[in-house]
Ligand SMILES: Nc1ncnc2c1ncn2[C@@H]1O[C@H](COP(=O)(O)OP(=O)(O)OP(=O)(O)O)[C@@H](O)[C@H]1O
Ligand SMILES: [Mg+2]
């Protein structure tokens, strides 16, 4: 599913180049549940942005389902983000001025799905994450855990093969966080590839495999299942 | 995503910031409303002037005046020429001429009982009301028989009737002009009043030309009204008559076709109206430009405020084109709604003016449609830069933006 070979990422800060990722080699198979841990500033989010096609490596190669992402046009990348990848963020990133169901409809909108189909699919997804009764609520009227459920429903809209979650439980209390992880596990058992970045060892332990990143290098990995 | 969905998305977004959207719209609204109102008034004014001139000269009638008369009714001090019987006979001899009438103008004291008033006297044929655009409001106009019979009858202007008879009924009453009693048979309102009464005063008495000549034997004929057969080429006939009259007078510039004079005055007036419309229109255009700059400014603010939203949309698979269109449609929606409201309000202003002044103000529909489309185009043009800025945002930085 995911294959990184010698991926480097450098940011220009003023006149200097700040090297954030120093040659990452990583394979994640179809249907795996992987967690990524590491200290703050080690480059986890940067890695996830590259995997999620929001950013491109400064050097090295990234292949997603066998296709080298470096050669794709901006439009192709947008289609990849839309159809193949679903993002879940620490701060939920719901659009604040539109209802939960409209938030879930957004990826369907960009996929060109008709209005009626969008609505029924979005309601179905909200029901699946236990938020059917909050479809018409604005995000401001939802608790953190509820927001994250809506965000997960949105990530699932186009039935993507890959779910990328950057500290999905970071803004939630322990119990709510575990509910979210349980939800991710269910998605995993349904066959999706899941990558979760976390600082929480119990969250990390839910994954088949944990990758530890320190200062832009993969330090070690720990395999539990699979 | 079809066009309608994009517009409805834009509407949702505009609704979340109602006051701001309204204020942004206002600039465009005012610009378009003033353009529409100005066009309506300009059009109406032109139509009023042309209408006055067209119906001022009755159908198939040529009006000929001595050259020195700048306009009928305004004798010049140095005037040497007047129309006499032989001139009338010359005009009558042309084929295609059905009848030759004449009018006299002057002023006299008109009395009734112990009241009196200085009024302008207009004397002419039985169709004088058509020639000078009179509308008989009470009684009737004097007839051909009255003219032939030198009868002592008169039609009063409304204001003169009011001065002499107050609220009483003037019809059948007597007025004295130059010591001779005339019977009042009608009251008339001049429809040229708005245009000419400023100079002429609106107290007027109308009587048969023959009666007037009896009362004032030394008044000269100031205008010849040649009635032509239907279908005659009036311009050509007028030219031939004027030439013949000039030869008879031994002066190549003795007479002029004043129906032509009237229409050239009309042309001048309509040119002035056009220039005024253009000037005020340009000012309204500047207002619209300022409105457009306001839209651009607000769209830039909106793009900055919604940086994170843009980042989120990109992460969900929005293409740059989709983001670009989102903001373009939003900006065009603001200005199109503003333009539509402007067209409606401008038309209402035109309607108000029409009802208040009687100027037939109207907006031709292509102008209304054009103004609407133009305001939408302003939205697109002014939205282009902000929308492009939004579409070029780096998704990661946008996502991080607080
Ligand atoms: N756009 C950027 N420009 C410059 N430096 C950046 C940029 N984005 C990230 N960095 C730097 O890259 C490093 C890694 O950032 P990243 O967000 O990947 O860390 P992280 O592992 O996700 O940390 P955390 O656990 O706190 O989320 C940090 O030092 C950060 O300052
Ligand atoms: Mg991070």
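Protein chains in written order, with the numbering used here: chain A, 51 to 276; chain B, -18 to 383.
Glycine residues also receive a C-beta, built at the ideal position from the N, C-alpha and C atoms.
Treat the numbers as computed from the prediction; the structure is a model and nothing was measured.
CA-to-CA, the gap between residue 61(A) and residue 93(A) works out to about 11 Å. For the region 290 to 309 of chain B, the set of residues with a beta-carbon nearer than 9 Å to any beta-carbon of chain A comprises 290, 292, 293, 294, 295, 296, 297, 298, 299, 300, 301, 302 and 303, in chain order. Non-local C-beta neighbours of residue 372(B) in its own chain, meaning closer than 7 Å and more than five positions away in sequence, comprise 301, 304 and 305, ordered along the chain.
Residue 237(B) places its beta carbon less than 8 Å from that of residue 223(B). Taking every residue with its beta carbon within less than 7 Å of a heavy atom belonging to ligand 2 gives, in chain order, 94(A), 95(A), 216(A), 217(A) and 247(A).
Partner residues in the beta bridge of residue 209(B), as assigned by DSSP, are 78(B). Rounded to whole angstroms, the separation of the alpha carbons of residue 276(B) and residue 16(B) is 19 Å. With its beta carbon less than 8 Å from one in chain A, residue -3(B) belongs to the interface. Interface residue (Cβ-Cβ distance to chain A less than 8 Å): residue 340(B) is not classified as such. When rounded, the separation of the alpha-carbon atoms in residue 20(B) and residue 171(B) is 27 Å. In terms of beta-carbon proximity, residue 380(B) lines the interface with chain A, with at least one pair separated by less than 8 Å.
Under the three-pair Cβ rule at 8 Å, the region 40 to 49 of chain B counts as touching the region 196 to 208 of chain B. The Cβ of residue 160(A) sits closer than 8 Å to at least one Cβ of chain B.
Identification of chain B residues near residue 169(A) by a Cβ-Cβ cut-off of 8 Å yields none; the smallest Cβ-Cβ distance measures about 12 Å. Chain B places a beta carbon closer than 8 Å to that of residue 105(A), counting this residue as a contact. Residues 103, 114, 119 and 122 of the same chain have their beta carbon placed closer than 8 Å to that of residue 130(A), with the five preceding and five following residues left out of the count.
Secondary-structure assignment with DSSP links residue 132(A) through no beta bridge to anything. Counting C-beta atoms within 10 angstroms of its own C-beta, residue 196(A) has 16 or more neighbours from the protein chains shown and is therefore classed as buried. At a Cβ-Cβ threshold of 8 Å, residue 51(A) and residue 212(A) count as neighbours. Within chain B, the residues placing a beta-carbon under 7 Å from that of residue 137(A) are 296, ordered along the chain. As a beta-bridge residue in DSSP terms, residue 243(A) pairs with 212(A).
Between residue 286(B) and chain A, the shortest Cβ-Cβ separation is not below 8 Å.
Here the region 218 to 233 of chain A makes no contact with the region 158 to 176 of chain A; the two share fewer than three CB pairs at distances below 8 Å.
Under the criterion of beta carbons closer than 8 Å, residue 157(B) and residue 87(B) do not qualify as touching, at roughly 16 Å. Its chain contains 146 as the residues whose beta carbon lies nearer than 8 Å to that of residue 190(A), once the 5 sequence neighbours on both sides are disregarded; these appear in chain order. For residue 227(A), the shortest C-beta to heavy atom distance toward ligand 1 is 7 Å or greater.
The straight-line gap separating the alpha-carbon atoms of residue 215(B) and residue 78(B) is approximately 10 Å. Checking the 7 Å criterion, the Cβ of residue 61(A) is within range of a heavy atom belonging to ligand 1. Residue 69(A) has 60(A) as its beta-bridge partners, per DSSP. Close partners of residue 16(B) in chain A (Cβ separation under 7 Å) are lacking, with about 34 Å as the shortest Cβ gap. In the displayed model, residue 185(B) falls within a strand according to three-state DSSP. Taking 8 Å as the CB threshold, residue 211(A) stays off the interface with chain B.
Identification of chain B residues near residue 129(A) by a Cβ-Cβ cut-off of 9 Å yields 298 and 300, ordered along the chain. The region 2 to 9 of chain B makes contact with the region 270 to 290 of chain B, as at least three CB pairs between them are under 8 Å.
Between the C-alpha atoms of residue 266(A) and residue 75(A) there is a straight-line separation of about 11 Å. Counting along the chain, residue 333(B) sits inside the alpha helix (DSSP H) bounded by residues 301 to 338.
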